[in-house]
Every structure is written in C-alpha cells, then in structure tokens.
Amino acid sequence: MTPPTLHPPEAQPENPSSGEQAGIHARDREFMGLALDQAETALSAGDFPVGCIIADDTGVIVSGRRSGTADGTANEIDHAEITTLRKFYGLSAGTSHPSARRKGRYVPSRLTLYTTMEPCLMCFGAILISGIGRLVWAYEDVMGGAASLSRPSLSPLYSGNPIRIIPGFRRAESLELFRRFFRNSPAGYWEDSLLAAYTLRGGRETPG
Ligand SMILES: [Zn+2]
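Each residue of the sequence shown is one higher than the one before, counting from 1 in the working numbering.
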C-alpha cells in the first residue's frame with residue numbers, strides 16, 4: 001500500500017535518552033524503562049505493546065499494560081493508562097493493601113504517569129481529570145494520539161489543566177516494540193492502519 005502522508009504531532013526532541021531533553025527528571029529514564037518492560041510483556045502476550053507506570057519521587061506506585069487485543073476482540077477500554085489508573089484508585093479500596101495506608105500522601109499533582117505511547121483521547125481525558133501533574137510518553141500515536149492536540153477550545157477542565165507533558169522520551173525503544181508488533185500481529189489488531197504503515201516505515205525519521 002502507499003504510505004499515507006502524515007505529519008507527526010508537534011516537534012519532539014530527538015535523542016531522548018541523552019538526558020538533555022528539557023524537563024527531564026532524575027528518575028524518568030528508570031521509570032520509563034519499567035513502562036517499556038510492561039510493554040514488552042504485553043507484546044509477549046500478543047497484545048498491543050503499551051506499558052504504563054505511575055510514580056512519585058519515592059518510586060513506582062502502580063504499573064499496568066495493554067490487554068484485550070490479543071484475542072481479536074479489540075477491546076478499546078483496557079488501555080495501559082486506564083488499567084494503571086484503575087490500580088491506582090484501587091489502592092484505597094482495601095485497607096489490607098500495604099499501599100492503602102500510604103495513599104493519603106498521594107497528591108495527584110505530584111505524580112507522573114509514564115506511558116510508552118502517546119495517550120489516546122480516552123486516556124488523556126482520564127489523566128487530565130485525575131489531576132496527574134506530569135505526563136511522559138514515548139512514541140507518538142499519529143493515528144489516535146491526543147496529548148499533542150491543542151486544548152484551548154476544550155472545556156475549562158481540560159484547557160486549563162496545568163499538566164506538564166514530556167513527549168518522545170525513549171521513543172526509539174517503544175517504536176521498536178511497535179515494529180515487532182506490526183510485523184507479526186496474530187490477531188491483526190490495527191494491521192492495515194495509518195499507525196501500522198507509519199510505524200513499519202520507521203515513523204517520521206524515514207523520508208517519504
Ligand atoms: Zn488510550
């Protein structure tokens with residue numbers, strides 16, 4: 001098929017692993033690495049390879065990954081970010097959980113959510129409404145990504161949200177997982193999509 005003409009979202013700094021990208025915190029590389037581990041686990045299970053971590057300055061609070069795509073049903077709810085946010089909110093559900101006793105110290109605005117792909121509209125909305133203070137994502141979703149969209153025309157809850165966003169961090173490693181997925185996706189999830197074509201020709205780095 002003819003590769004679609006795509007314009008990636010707003011320019012993202014390259015060489016994201018150098019630590020020179022603006023706004024990078026000391027443990028971002030470590031935490032995104034854990035999100036990439038989650039994505040790799042999803043890939044191994046035949047699922048769309050997205051992983052997610054919610055962390056604060058003291059460490060990882062919860063982790064999650066994409067599910068619901070390996071069996072061909074294309075569940076569009078169990079995205080990695082939603083799975084991870086559910087776990088986070090679940091910390092307060094049972095007092096027997098060790099983390100529940102600590103939940104009082106979790107101020108959403110002090111949390112960072114790491115995800116290996118730019119969040120979709122559903123997930124970005126959930127992140128904004130949750131009051132998460134910071135979002136770090138790896139690979140641009142040229143088909144369904146929402147975190148790079150302009151927000152001024154949206155309602156105040158979204159347009160006025162002070163979230164800080166770090167795009168394209170450890171992008172190449174996430175891109176490689178997507179290349180592997182689209183080269184061999186048994187369930188055919190998004191196999192003929194804009195995202196698949198874009199990914200298989202190397203994203204925005206490949207001319208043409
Ligand atoms: Zn999503």
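All residues carry an ideal CB built from backbone N, CA and C; glycine is no exception.
- Using a cutoff of 7 Å, the CB of His25 does not count as near ligand 1, since none of the ligand's heavy atoms is closer than that.
- For the set Ala45, Gly51, Ser155 and Ile61, the Cα lying nearest the Cα of Gly72 is the one of Ala45.
- The three-state secondary structure of Arg65, taken from DSSP, is strand.
- For Met32, the shortest separation between its Cβ and any heavy atom of ligand 1 does not lie below 7 Å.
- The stretch 152-160 and the stretch 44-63 do not touch, with fewer than 3 CB-CB distances between them shorter than 8 Å.
- Distance check between Ile163 and each of Leu135, Asp141 and Phe178 places Leu135 closest, using alpha-carbon atoms only.
- Remark: the C-beta of Cys52 is outside contact range of ligand 1, defined as less than 7 Å to any heavy atom.
- Between the C-alpha atoms of Ala70 and Leu43 there is a straight-line separation of about 9 Å.
- Distance check between Met117 and each of Ile77, Met32 and Tyr106 places Met32 closest, using alpha-carbon atoms only.
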